[in-house]
Structures are given as C-alpha cells and as structure tokens.
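Per the numbering used here, residue 146 is the first one in the sequence shown, and the count goes up by one each step. Encoded as structure tokens, the structure appears first; notes follow it.
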Amino acid sequence: MNKRILRQAQQMQARLAKAQEELEALTVEGSAGGGAVKVVMNGRQKLQQVEIAPETAEDVEMLQDLVAAAVNDAQERVEKLAAEKLSAFTGGMRIPGLL
C-alpha cells in the first residue's frame, strides 16, 4: 500500500514538473495604449521583449504608465494560464512556488 502511494506521489510530481516546464515555454503578450506598448512574457513571468511605438516616446510620463500597464496585463494573462494549467494539481488553491 505504501509503495503504491509513493509511486502515485512520484507520478504526480513528474506531471507537475512537466506542467511547469510547459508553462515556462509559453509566451503571452500584454499591451497598453491600443498597442502602443507591447510586452512579451514567458509563463514564469519573465519579461522577454518590449516593443514601443516610436510616437509614444515623446511623452515620457505616458510611456512609463503604458509600460507598467502592459507588463501588468501580461502578468495577469500568465497568472490566468498558470491557474488553468496547474488547477488539476492544486484543486484551485494558490500554492507559493508553483508559478
């Protein structure tokens, strides 16, 4: 009985590790200002790319706000994807360190 439980735990751990790897390979795009600022973030919430429309660079304060909004948009999208992908393992609970 204990061996079966251990084997099941190991299988679940392997599936969880695979899901985390898949998340890291995913990318999402966040944007703000109607696409004036776009960012690409991977599934581990690491910023990969920033694209800024040249005309946006004229207003520094607006640009700062748009970059922050685009990053937040991407982060929310990653969190949603991660919650969907990992919900089978967590039962909907947020467990620190899984994202």
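Idealized CB from N, CA, C, for every residue including glycine.
DSSP bridge partner residues for residue i (one or two, in chain order)
i, result
"V185", "E174 and Q194"
For residue i, the nearest candidate out of the options (CA to CA)
i, options, result
"D214", "I150, G188 and G175", "Looking at the sequence provided, one finds Ala at residue 214 rather than Asp. That would be G175, whose Cα lies nearest to the Cα of A214."
"G181", "R152, K230, Q158 and V195", "It should be pointed out that residue 181 corresponds to Ala in this sequence rather than to Gly. It is V195."
"L192", "E221, E203, G179 and L151", "E221"
"E229", "E203, G178 and G188", "G188"
"E200", "G178, Q190 and R149", "G178"
"M186", "R152, K148, Q158 and E169", "E169"
"Q190", "A233, A202, I197 and V173", "V173"
Anticipated Cβ contact below 8 Å, residue i with residue j, distance rounded
i, j, result
"L226", "L171", "6 Å"
"V216", "V184", "5 Å"
Secondary structure of residue i, DSSP reduced to three states
i, result
"D204", "coil"
Tell me, please, whether the region 204-214 touches the region 162-170 by the rule of three or more beta-carbon pairs shorter than 8 Å.
no
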